[in-house]
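Written below as structure tokens is the structure these notes are about.
2 protein chains.
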Amino acid sequence: MSTSGCDRTSHIMRTFKLTLAYDGTGYAGWQMQPGKPTIQAALEAALAKISGETIRAAASGRTDAGVHALEQIVSFKSATALSPETLRNALNAELPRDMAALAVETAADDFHARRDAIRKRYRYQIHDGDVPDVFHRPYCWHYRQPLDADAMARAAQAFVGTHDFRSFEYRWPQRSSSVRTIYEAFVRRTSSPAEGMITFEVAGNGFLYNMVRALVGTLVEVGRGTRPESWPAEVVAAGDRRVAGMTAPAQGLFLISVDY
Amino acid sequence: MSTSGCDRTSHIMRTFKLTLAYDGTGYAGWQMQPGKPTIQAALEAALAKISGETIRAAASGRTDAGVHALEQIVSFKSATALSPETLRNALNAELPRDMAALAVETAADDFHARRDAIRKRYRYQIHDGDVPDVFHRPYCWHYRQPLDADAMARAAQAFVGTHDFRSFEYRWPQRSSSVRTIYEAFVRRTSSPAEGMITFEVAGNGFLYNMVRALVGTLVEVGRGTRPESWPAEVVAAGDRRVAGMTAPAQGLFLISVDY
Numbered sequence: 197m198s199t200s201g202c203d204r205t206s207h208i209m210r211t212f213k214l215t216l217a218y219d220g221t222g223y224a225g226w227q228m229q230p231g232k233p234t235i236q237a238a239l240e241a242a243l244a245k246i247s248g249e250t251i252r253a254a255a256s257g258r259t260d261a262g263v264h265a266l267e268q269i270v271s272f273k274s275a276t277a278l279s280p281e282t283l284r285n286a287l288n289a290e291l292p293r294d295m296a297a298l299a300v301e302t303a304a305d306d307f308h309a310r311r312d313a314i315r316k317r318y319r320y321q322i323h324d325g326d327v328p329d330v331f332h333r334p335y336c337w338h339y340r341q342p343l344d345a346d347a348m349a350r351a352a353q354a355f356v357g358t359h360d361f362r363s364f365e366y367r368w369p370q371r372s373s374s375v376r377t378i379y380e381a382f383v384r385r386t387s388s389p390a391e392g393m394i395t396f397e398v399a400g401n402g403f404l405y406n407m408v409r410a411l412v413g414t415l416v417e418v419g420r421g422t423r424p425e426s427w428p429a430e431v432v433a434a435g436d437r438r439v440a441g442m443t444a445p446a447q448g449l450f451l452i453s454v455d456y
Numbered sequence: 197m198s199t200s201g202c203d204r205t206s207h208i209m210r211t212f213k214l215t216l217a218y219d220g221t222g223y224a225g226w227q228m229q230p231g232k233p234t235i236q237a238a239l240e241a242a243l244a245k246i247s248g249e250t251i252r253a254a255a256s257g258r259t260d261a262g263v264h265a266l267e268q269i270v271s272f273k274s275a276t277a278l279s280p281e282t283l284r285n286a287l288n289a290e291l292p293r294d295m296a297a298l299a300v301e302t303a304a305d306d307f308h309a310r311r312d313a314i315r316k317r318y319r320y321q322i323h324d325g326d327v328p329d330v331f332h333r334p335y336c337w338h339y340r341q342p343l344d345a346d347a348m349a350r351a352a353q354a355f356v357g358t359h360d361f362r363s364f365e366y367r368w369p370q371r372s373s374s375v376r377t378i379y380e381a382f383v384r385r386t387s388s389p390a391e392g393m394i395t396f397e398v399a400g401n402g403f404l405y406n407m408v409r410a411l412v413g414t415l416v417e418v419g420r421g422t423r424p425e426s427w428p429a430e431v432v433a434a435g436d437r438r439v440a441g442m443t444a445p446a447q448g449l450f451l452i453s454v455d456y
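Top line first, the protein sequences correspond to chains U and E.
Counting in my numbering, the first sequence runs from 197 upward without gaps.
Counting in my numbering, the second sequence runs from 197 upward without gaps.
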């Protein structure tokens, strides 16, 4: 956390919890990168304009370039005297149109969006129709052959539970441990919004870098029939990224919610 | 219709009926305009590349800049030997990603998408939540105050029937007659895809220039409470564009279907 001028004001420094939606299409991901539009840079610029402070925003996790968020959680500290609701409205006036502040509330002083997250939920959309869906193209992976969603749904159960997920981590080893717990994983074919849309949803206590997209790339091998339904369990057991499926494209991925 | 080289081939000239979806966000409307990206220009370029002919495409009606189509109907003539299905797949390979050929079929020689249309259906989406919906922003009018959808639904019944709709024509008089028949008009609040989305749908035997958007602008005056539910009937009766509501923004409008 860094602020400027807070010593000169009589306002009390408070910690805020922001629920942020964004369409990731036009961004190089969450994290600040010189010369590139990022969600963090756009948010911090809006916060600076509103508060007059230099505010550092922390997200529950970094999303990659092209990844979307329905309810990303962000924490930041500010000495602003604005009420949370006024701050939310000011953010919606200042933020680019592909970002929206859904809610702002005050939080415990030591609240931190990344450190305190205990559970996250992601959604991945695949469109397997033979004709592209022009309205959902930035929000799904258009897979040109039909997929067996029921087989994918059964295969996805191999991910549920506490496992070492290093087979699904892009650059291993990135962290001290690649063990994570997946609480729920399902695959559903939905007729809405578009014909032929397959939704994969997964909730867990944490996810490795690119893990959700690698889970999807693995399930797709089952869906297209090149691998049996039992294969994802073997991939988990192998502990080797090279045996898993491809990393599914970013634009189909949505961070849905974060629990604390 | 103009073709090149058709006299040198042994293929028979056929008339095709194309069902075309497009996201109008990036286009200056349907009609060819020098130096501007248009749906017609993109489609004719793809057809030329596939067939080697110069093909003129006729739509059921011109859509304005930013207006979308779920099922625009287009007719054109070609001496191509390709089957309709192959032609559809070739179009989907050549068209920009915000346009999709949903179906191609052969039609009667004299079929013309505009002249033969007997009924069209349009949808208009309004989002009246206080927070912008980042995923639907190119596909709706974000109206920042809450609207009474039920009052709008009742008021919309004034449009049903055969009326002179010159009050809703942008530049009057554009045509020999401004009498049109509206078969159905409804307003519904939908919880999906986004919270706070209001859908207006209208079917008629034809629509004047900008008419649907003027109907919407008029209903919104009722929805926000500045005009009574009885007012749209008075606007129809007045026969004067100046008494109607504003022209609603283009990006909320979708051409849904065309009947022949």
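Every residue, glycine too, gets a C-beta built ideally from N, C-alpha and C.
Just so we're clear, the structure is a prediction, and the values are computed from it rather than from any experiment.
Rounded C-alpha distance that separates residue i from residue j
| i | j | result |
| --- | --- | --- |
| residue 389 of chain U | residue 395 of chain U | Low confidence applies to residue 389 of chain U: its pLDDT is 46, below 50, so where it sits in the model is not reliable, and the reading given next is rough at best. Whole-angstrom Cα-Cα distance: 11 angstroms. |
| residue 240 of chain U | residue 225 of chain U | 14 angstroms |
| residue 458 of chain E | residue 392 of chain E | Absent from the structure is residue 458 of chain E, since the part of chain E shown begins at 197 and ends at 456. |
| residue 443 of chain E | residue 406 of chain E | 7 angstroms |
| residue 330 of chain U | residue 424 of chain E | 39 angstroms |
| residue 366 of chain E | residue 437 of chain E | 7 angstroms |
| residue 373 of chain E | residue 364 of chain E | 13 angstroms |
| residue 326 of chain U | residue 217 of chain E | 14 angstroms |
| residue 252 of chain U | residue 269 of chain U | 14 angstroms |
| residue 255 of chain U | residue 266 of chain U | 13 angstroms |
| residue 219 of chain E | residue 264 of chain E | 5 angstroms |
| residue 207 of chain E | residue 278 of chain E | 10 angstroms |
| residue 361 of chain U | residue 399 of chain U | 14 angstroms |
| residue 439 of chain U | residue 409 of chain U | 14 angstroms |
| residue 397 of chain U | residue 312 of chain U | 22 angstroms |
| residue 461 of chain E | residue 259 of chain E | The structure shown does not extend to residue 461 of chain E, since chain E spans only 197 to 456, so no value can be given for it. |
| residue 470 of chain U | residue 317 of chain U | Coverage of chain U is limited to positions 197 through 456, which leaves residue 470 of chain U absent and any answer about it impossible. |
| residue 215 of chain U | residue 300 of chain U | 6 angstroms |
| residue 445 of chain U | residue 353 of chain U | 22 angstroms |
| residue 357 of chain U | residue 378 of chain U | 5 angstroms |
| residue 310 of chain U | residue 456 of chain U | 10 angstroms |
| residue 223 of chain E | residue 336 of chain U | 22 angstroms |
| residue 235 of chain U | residue 308 of chain E | 48 angstroms |
| residue 297 of chain U | residue 287 of chain U | 6 angstroms |
| residue 376 of chain U | residue 411 of chain U | 13 angstroms |
| residue 345 of chain E | residue 291 of chain E | 38 angstroms |
Chain E contact for residue i (CB, 9 angstroms cutoff)
| i | result |
| --- | --- |
| residue 212 of chain U | no |
| residue 298 of chain U | yes |
| residue 241 of chain U | no |
| residue 284 of chain U | yes |
Under 8 angstroms from the C-beta of residue i: neighbouring residues of chain E
| i | result |
| --- | --- |
| residue 293 of chain U | 328, 330 and 333 |
Contact with chain U by residue i, beta-carbon distance below 9 angstroms
| i | result |
| --- | --- |
| residue 385 of chain E | no |
| residue 264 of chain E | yes |
Residue i: contacting residues in chain U (beta-carbon distance under 7 angstroms)
| i | result |
| --- | --- |
| residue 288 of chain E | 327 and 328 |
Within chain E, the residues that residue i reaches when beta carbons sit closer than 9 angstroms
| i | result |
| --- | --- |
| residue 219 of chain U | 330, 331 and 333 |
Check: residue i C-beta below 8 angstroms from any heavy atom of the ligand HEM
| i | result |
| --- | --- |
| residue 213 of chain E | In terms of ligand content, the structure shown is empty, and the ligand HEM therefore cannot be addressed. |
Taking one C-beta from the segment 209–216 of chain E and one from the segment 444–456 of chain U each time, how about it: are there three or more such pairs within less than 8 angstroms? no
What are the complete alpha helix (DSSP H) segments, minimum 4 residues, inside the segment 250–296 of chain U? 280–290
Ordered list of alpha helix (DSSP H) runs contained in the segment 413–445 of chain U, each at least 4 residues: 427–434
How about the segment 409–421 of chain E and the segment 332–346 of chain E: do they share at least three Cβ pairs that are nearer than 8 angstroms? yes
Taking only runs that begin and end inside the segment 305–352 of chain E, name each unbroken alpha helix (DSSP H) of 4 or more residues, in chain order. 345–351
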